Structures are given as structure tokens and as C-alpha cells.
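Below is one structure; the comments refer to it alone.
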Amino acid sequence: MDDTTSARADWLSRRADTYCIHGPGEVNGADLVRIARTLAAEPWRFTQTAPAAPDDPAGVVVDKGRRRVRVEVATAVQGCVFMIRAMGGAGRCGLGDVAPLCCRMFPADPRSTMPEPDATGEPSRAGLTAEELAELRRVWAGDRARWHETVRRWNQRNGRSDDDPLTAEDFQRYLLEAEFARQAGTAWPEEVGG
Ligand code: SF4
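In numbering that gives the first Met the number 0, the protein residues as written are 0 to 193.
Laid out in C-alpha cells, this is it:
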């Protein structure tokens, strides 16, 4: 095993021990939609909900406003549902380059605007140069803003509907539409047709 391969294996192991046994960190709606499209599976097949704080901008209002939840990648007994066990028991991500951006940046903090202390322009153990990490952070920040706006719009227009007890699955249908509209450069779903 050469130095690059060894460093990569070490990074994958550290990420598995830190993230994968608990689930990923700051996942955005764009991550969920990208995974869903790649796997040809609806996002609610691989997500779960957890209680959200009242002021959480990622807190989705469901069930006629009775609950506020975060939508997260599901975790099973062994950890993230996308973690697979390699021979020898080491954890590995089954998503490869489709993994959430926060996972691909590990151990860098996606929120940070500061360069990593050892960012020299050379590839890190994650295989990212300083420029590539900066670009991932820029994309992550854009995805984050869109995610929070998607949740805000849902909560304002749909989450408190008195007609139906809308669920997290309903929200994720809206998320799919909102992300498709974003990629197509068209209006938000509720703005189509006036
Ligand atoms: S998506 Fe992949 S890298 Fe991220 S926590 Fe799950 S298994 Fe680990």
C-alpha cells in the first residue's frame, strides 16, 4: 500500500469512527435529493426525523403544527444506513462521491470560512486541495441557505394546514419539487401558476 492509499484508508477509518457510527453531520436538502436521484429511491426511504428546537431553521412543522422535526439521514443499529462493513470490520461509506458534502469535507467544519491550519494547497487525506475544500464549503453554504428557505416556505404555507395532518414525507415531496425547480432555474413550486 503506497502512502497515498494508506493516508486515504486512514482518513476513511477516522471518518467512519467519527461520523458513520453516529450518522452524518450537517446534511442539507440538496444532499438528500442528490442521493435520492442517484439511488432512484424516494428520500423518505433513507431518512428519519428527530425533534427540533423551536428556533431551529431546519425544523419542519408537520402534523397540523403539532410537531417540529429535523429530517436526517437514518441511522440503524450499526450507524448510518449508508455505512457498509468491509472485510475485517472497517466501516466504509457506500455512497462514494454522492455522500453528503459535510461527509466529503470531514474533518473540516463546513461552516468555517477559515482555511484549515494545514491547508497548503496539497491534497489532504480526504483527497481535497485547499481550493477544492473552499469550493465545497461555498456549495454547502448555498445549499444551506436554500435548505432553510425551503423549510421556511413549507412551514409558512403548508406545515400548519388545518385540512390535512401533513407529514415529513409530504415535506420531502415538496423538497424534491423545490430542488428540481432550483436546478431548472424556475420558480418555487408554490409560485408556479400564480
Ligand atoms: S453518508 Fe457515508 S460518510 Fe456520511 S455518515 Fe453515512 S456512511 Fe458515513
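Don't be surprised by glycine CBs; every beta carbon is placed ideally from N, CA and C.
A quick note: this is a predicted structure, and the numbers were derived from the prediction, not measured.
Check	Outcome
Three-state secondary structure (DSSP) at V76?	coil
Grouping DSSP H, G and I as helix and E and B as strand, with all else coil, what is T46?	strand
Using 8 Å as the cut-off, classify the Cβ of M82 as near or not near the heavy atoms of ligand 1, replying yes or no.	yes
Determine the direct distance from the alpha carbon of V97 to that of T37, and round the result to whole angstroms.	8 Å
Mark Q77 as exposed unless 16 or more other C-beta atoms lie within 10 angstroms of its C-beta, in which case mark it buried.	exposed
V32 and L174 look like a contact to me (Cβ under 8 Å); what is the Cβ gap, rounded to whole Å?	7 Å
Between F105 and ligand 1, is there a pair consisting of the residue's CB and a ligand heavy atom that are separated by less than 8 Å?	yes
So which of L127, G93, A144 has the shortest CA-CA distance to R110?	A144
Is it right to say V191 is buried, meaning 16 or more other beta carbons lie within 10 angstroms of its own, or is it exposed?	exposed
Using a Cβ-Cβ cutoff of less than 6 Å, which residues in the same chain neighbour H147 once the five nearest sequence positions on both sides are dropped?	P56
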